[in-house]
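Trainee:
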Amino acid sequence: MGLRGKLIVFEGVEGGGKTTQLQRCSNWLRAGGLQDCLGNVCLGNQTMPVVVTREPGGTLLGAKVRQLLLDRDSSPIHPRAELLLYAADRAEHVEELIKPQLVNGAIILCDRYTDSTIAYQGYGRGIDLKLIEELNQIATGGLESDLTLWLDIDVEIGLERARQRGTVDRMEQADLAFHRRVQQGFQELYQQNPDRIVRVDASYSEEEVHNAIQKILGERLRTWFQERSILS
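Under UniProt numbering, the first residue of the sequence shown is numbered 1, with each subsequent residue one higher.
#1: With DSSP collapsed to three states, give me the class of L7.
#2: So V65 is in the alpha helix (DSSP H); what residue range does that whole segment cover?
#3: Pull up the CB-CB distance for R24 and H210, whole angstroms please, since I reckon it's below 8 angstroms.
#4: Taking all protein chains shown into account, do 16 or more other C-beta atoms lie within 10 angstroms of the C-beta of E82, making it buried, or fewer, making it exposed?
#5: Does the separation of the CB atoms of P79 and I127 fall below 8 angstroms?
#6: Quick check: the Cα distance between G158 and G17, rounded to an integer number of angstroms?
#7: Here's the rule I'm using: 16 or more other beta-carbon atoms within 10 Å means buried, otherwise exposed. How should A177 be labelled?
#8: On the three-state DSSP scale, how would you describe residue 233?
#9: Can we say the stretch 4-17 touches the stretch 106-118, given the rule of at least three CB pairs closer than 8 angstroms?
#10: Just to confirm before moving on: does the CB-CB distance between L38 and L221 stay below 8 angstroms?
#11: Judging by CA-CA distance, which residue of P76, Q173 and R90 is the nearest neighbour of G62?
#12: Determine the burial state of E206: buried for a count of at least 16 other Cβ atoms within 10 Å of its Cβ, exposed for fewer.
#13: Below 7 angstroms CB to CB, which residues in the same chain sit around L85 once its five sequence neighbours on both sides are set aside?
#14: With a CB to CB cut of under 6 angstroms and the five nearest residues on each side skipped, what residues in its chain are close to P56?
#15: Closer than 7 angstroms by C-beta to L129: which residues in its own chain qualify, once you throw out the five before and the five after it? Chain order, please.
#16: Determine, using beta carbons only, whether V94 and T167 come nearer to each other than 8 angstroms.
#17: If you drop the 5 nearest sequence neighbours on each side, which residues of the same chain put their C-beta closer than 6 angstroms to that of V155?
#18: In the DSSP output, what is W150 paired with across the bridge?
#19: Compare the Cα-Cα distances from N136 to each of T114, I153, S203 and R163 and report the closest residue.
#20: Grab the span of the alpha helix (DSSP H) containing R50 for me, first residue to last.
#21: Just how far apart, CA to CA, sit G30 and E172?
#22: Determine, using beta carbons only, whether L149 and I213 come nearer to each other than 8 angstroms.
#23: Who does C110 pair with in a DSSP beta bridge?
#24: Quick check: what's the CA-CA separation for F225 versus R4?
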């Protein structure tokens, strides 16, 4: 029986370096980091593909939804409509990509998932948290991340980093008070889910943050797969 894959999510406010760190993590795992962490004893002859994806936009449908949600020149979107668009993207993403890849034994690195909806649409937009929880359950079929890396950074520093990249998307254009509420959401989620969510201080250099993530992932991968290897 093959090893079930793992869903690892990168979360945080704008400008925290999620996308950069996710790609660096992918490169590290594909270049031998996964083998270094687990070794031949655990993996045997199995290969574990590393899959990179994102929300919104991880599927063909999602790419169109992403354009609607994040295009800075798009028409204003009502908060409930925004919430439902994210849910539609997620439902398609989970069924068409995430679940099949988990069955295939992949390590999935995902840029945003359910915690972002709680933080942005719940804390940021003020939509009822219970409603969002129910909608997330419907969209995911109850599938949670195995590990969420919360790249924590001061909101104002993160927004300045985002502006320095150039084009600012629709979400990044929101006012500072909105982004502070989002940060509060991530903080509370972290406190409520200490086993699933690990905080990473994203205020350090790109290299230092990457090294911290390598250490966290190495420990988790060994825990997940070496224990399973012993039991099997």
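We put the CB at the ideal spot given by N, CA and C, even for glycine.
Mentor: This is what the structure holds:
#1: strand
#2: L60 to L70
#3: 5 angstroms
#4: buried
#5: yes
#6: 8 angstroms
#7: exposed
#8: Not covered by the structure: residue 233. The range shown for the chain is 1 to 232.
#9: yes
#10: yes
#11: R90
#12: exposed
#13: V65, L68 and L69
#14: G62, V65, R66, L69 and D89
#15: I118 and G122
#16: no
#17: V13, H179, R180 and Q183
#18: E11 and R199
#19: T114
#20: Strictly speaking, residue 50 in this sequence is Val, with Arg absent from that position. No alpha helix (DSSP H) holds V50; the beta strand (DSSP E) holding it covers V50 to R54.
#21: This sequence places Arg at residue 30; Gly is not what is there. Near 31 angstroms, if we compare the C-alpha coordinates of E172 and R30.
#22: yes
#23: V9 and T53
#24: 10 angstroms
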